[in-house]
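Student: Counting with the numbering used here, you get residues 1 to 340 for the letters of the sequence shown.
A virtual CB, placed ideally from N, CA and C, is assigned to each residue, including glycine.
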Amino acid sequence: MSNVAEKVCVTGGSGCIGSWLVRLLLERGYVVHATVQNLTSPINLSDECRKLNIFAVDEAETKHLQALEGAETRLHLFQIDLLDYESLVSVLVDCSGVFHLASPCIVDQVRDPEKELLDPAIKGTTNVLRAAKEVGIGRVVVTSSSSAIMPSPSWPADKVKNEDCWTDIEYCKQNGLWYPLSKTLAEKAAWDFAKGEGLDVVVVNPGTVMGPLISPRLNASMLMLVRLLQGCTETYKNFFMGSVHFKDAALAHVMVYENKAATGRHLCVEAISHYGDFVAMVAELYPDYNIPRLPRDTQPGLLRAKDGGKKLADLGLEFISMEKIITDAVESLKSKGFIS
Ligand SMILES: NC(=O)c1ccc[n+]([C@@H]2O[C@H](COP(=O)([O-])OP(=O)(O)OC[C@H]3O[C@@H](n4cnc5c(N)ncnc54)[C@H](OP(=O)(O)O)[C@@H]3O)[C@@H](O)[C@H]2O)c1
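1. Between which two residues does the beta strand (DSSP E) holding M322 run?
2. Return the Cβ separation of L75 and L83 in integer angstroms, given the expectation that the two are a contact with Cβ distance under 8 Å.
3. So, with DSSP's three-state summary, where would you put H266?
4. Under 8 Å, do M224 and F246 count as touching if we go by C-beta distance?
5. Under the three-state reduction of DSSP, which class applies to M150: helix, strand or coil?
6. Just grab the DSSP bridge partners of Q79 for me.
7. Does DSSP classify A67 as helix, strand or coil?
8. With the cut-off set at 8 Å, would you say V36 and Q66 are in Cβ contact?
9. Is the distance from the Cβ of A250 to the Cβ of L77 below 8 Å?
10. For V8, is the beta carbon positioned less than 7 Å from some heavy atom of ligand 1?
11. For the region 224-291, list the beta strand (DSSP E) runs that are entirely contained and at least 3 residues long, ordered along the chain.
12. Would you kindly work out how many angstroms separate the C-alpha atoms of V201 and D192, rounded to a whole number?
13. In terms of residue numbering, what span does the alpha helix (DSSP H) encompassing R130 cover?
14. Helix or strand or just coil, what does DSSP make of R23?
15. Provide the residue span of the alpha helix (DSSP H) that contains V89, from first to last.
16. Let's see if you can read the secondary structure: which residues bound the beta strand (DSSP E) around T11?
17. What did DSSP end up calling T184 once you bin it into helix, strand or coil?
18. Hey, is P206 close to ligand 1, as in C-beta under 7 Å from one of its heavy atoms?
19. Would E72 be called buried (16 or more neighbouring beta carbons within 10 Å of its own) or exposed?
In structure tokens, the structure reads:
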């Protein structure tokens, strides 16, 4: 255990990746301030509650967090709105680090991209960083995505994509790819802020994250797997770059936080692969499901690479294989009743 009683904040702590990160941080002895979003039925908090830091939260959203080992004494839950700066400052006070995960993760079409994706991602990130700067946070880990690395059609065809590669903003705008646009602009805003204000920021760029669910709701990547098991033929041409286990995504965040020598972006995938490779392995492991036959090359121009997550591997992360990611994810979906 490295940081007994060090206080850190996890925005988006109720989400699929956030829950795994909260669990890992509690296991390592941290005190964790985890945020959940003010959901559909806002709970009006009295001023007295605010003063006492008693925040009412939607129990269904947080029961799984409160059941984690160490949660009783070292987990504190807060309701926040990423667009409400003051709500963020109050959560970050006394913390030495922040993991900023909260961001809408929607790859399906949205009606209002500005409101549903771009504002919470970009303004939300800037607000978290401003609040972190105001209260004197030491290091902020920002959860970006492989969606801030691709689609990048102008990247040299003979060069494996890596952390130097950025998603093509104009291509996203022209093709209505709002999620990659939101993650790319949010990450760019984070780097601009870090440079301009001298804040210590480090970034993790996970690929498609899957595995056993701790949280009660499905995220976009687990939903993708459910749809595949039901026969969906979508190829996620502009979205897929490789897969990563929930456990490794969480561990990557902790590693780049604790290792002060870690700098810049960190692509977090067990390998750079095509969705077609993933689908073929699901079909092989689960022949009883109606898995569609897709071409192997579903991501035009994407070169495969076993060591796509090299920067994290150099920090000591031993990536869980695609086979185990799939079996852990499918068995979890079965046991929780999402598929039969
Ligand atoms: N899933 C993947 O494959 C993947 C891959 C790469 C990167 N990422 C990134 O990882 C992060 C977590 O994703 P996830 O897969 O764990 O998704 P998730 O389960 O949907 O979690 C998203 C979290 O963000 C919170 N959030 C969203 N909008 C918010 C807002 N306006 N104000 C406050 N909180 C807000 C959600 O709160 P509520 O639950 O209360 O709504 C939830 O806790 C995101 O930044 C996502 O872009 C995900």
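Tutor: So, to answer that:
1. As a first step, residue 322 must be located in the sequence shown, where it is residue number 322. Following the DSSP letters along the chain, one finds M322 in no beta strand (DSSP E) but inside the alpha helix (DSSP H) bounded by residues 322-335.
2. In the sequence shown, counting from the first residue as 1, residue 75 sits at position 75. In the sequence shown, counting from the first residue as 1, residue 83 sits at position 83. Taking C-beta atoms under 8 Å as the contact rule, L75 and L83 fail to qualify, at a distance of about 25 Å.
3. By 1-based counting over the sequence shown, the position of residue 266 is 266. DSSP places H266 outside both helix and strand once states are collapsed to three, so it counts as coil.
4. As a position in the sequence shown, residue 224 is number 224, starting the count at 1. As a position in the sequence shown, residue 246 is number 246, starting the count at 1. Inclusion of M224 and F246 in the CB contact set at 8 Å is not warranted, their separation being larger than that value.
5. The residue given as residue 150 occupies position 150 in the sequence shown. Three-state result, M150: coil.
6. Taking the first residue of the sequence shown as position 1, residue 79 is located at position 79. DSSP lists V36 as partners of Q79.
7. Reading the sequence shown from its first residue, position 67 is the one you call residue 67. Residue state, collapsed to three classes: coil.
8. The residue you call residue 36 lines up with position 36 of the sequence shown. The residue you call residue 66 lines up with position 66 of the sequence shown. Not closer than 8 Å, so no.
9. For the purposes of this step, residue 250 is taken as residue 250 along the sequence shown, with counting starting at 1. For the purposes of this step, residue 77 is taken as residue 77 along the sequence shown, with counting starting at 1. No, they are not a contact pair.
10. As a first step, residue 8 must be located in the sequence shown, where it is residue number 8. It does not: the Cβ of V8 is nowhere closer than 7 Å to a heavy atom of ligand 1.
11. If we require 3 residues or more, the beta strand (DSSP E) runs fully inside the region 224-291 come out as 243-245.
12. On the sequence shown, position 201 is the one that residue 201 refers to. On the sequence shown, position 192 is the one that residue 192 refers to. Using only the alpha carbons, I get a separation of about 10 Å.
13. To locate residue 130, count along the sequence shown from 1; it is residue 130. For R130, the enclosing alpha helix (DSSP H) stretches over residues 124-135.
14. What you label residue 23 is simply residue 23 of the sequence shown in a count that begins at 1. It is helical.
15. Within the sequence shown, the letter at position 89 stands for residue 89. Here the alpha helix (DSSP H) through V89 covers 85-92.
16. Working through the sequence shown from its first residue, we reach residue 11 at position 11. 7-11 is the span of the beta strand (DSSP E), which, as asked, contains T11.
17. By 1-based counting over the sequence shown, the position of residue 184 is 184. Helix at T184.
18. On the sequence shown, residue 206 is found 206 positions in, with the first residue counted as 1. At least one heavy atom of ligand 1 is found less than 7 Å from the C-beta of P206.
19. Counted from its first residue, the sequence shown places residue 72 at position 72. Classification of E72: exposed, given that the 10 Å Cβ count is below 16.
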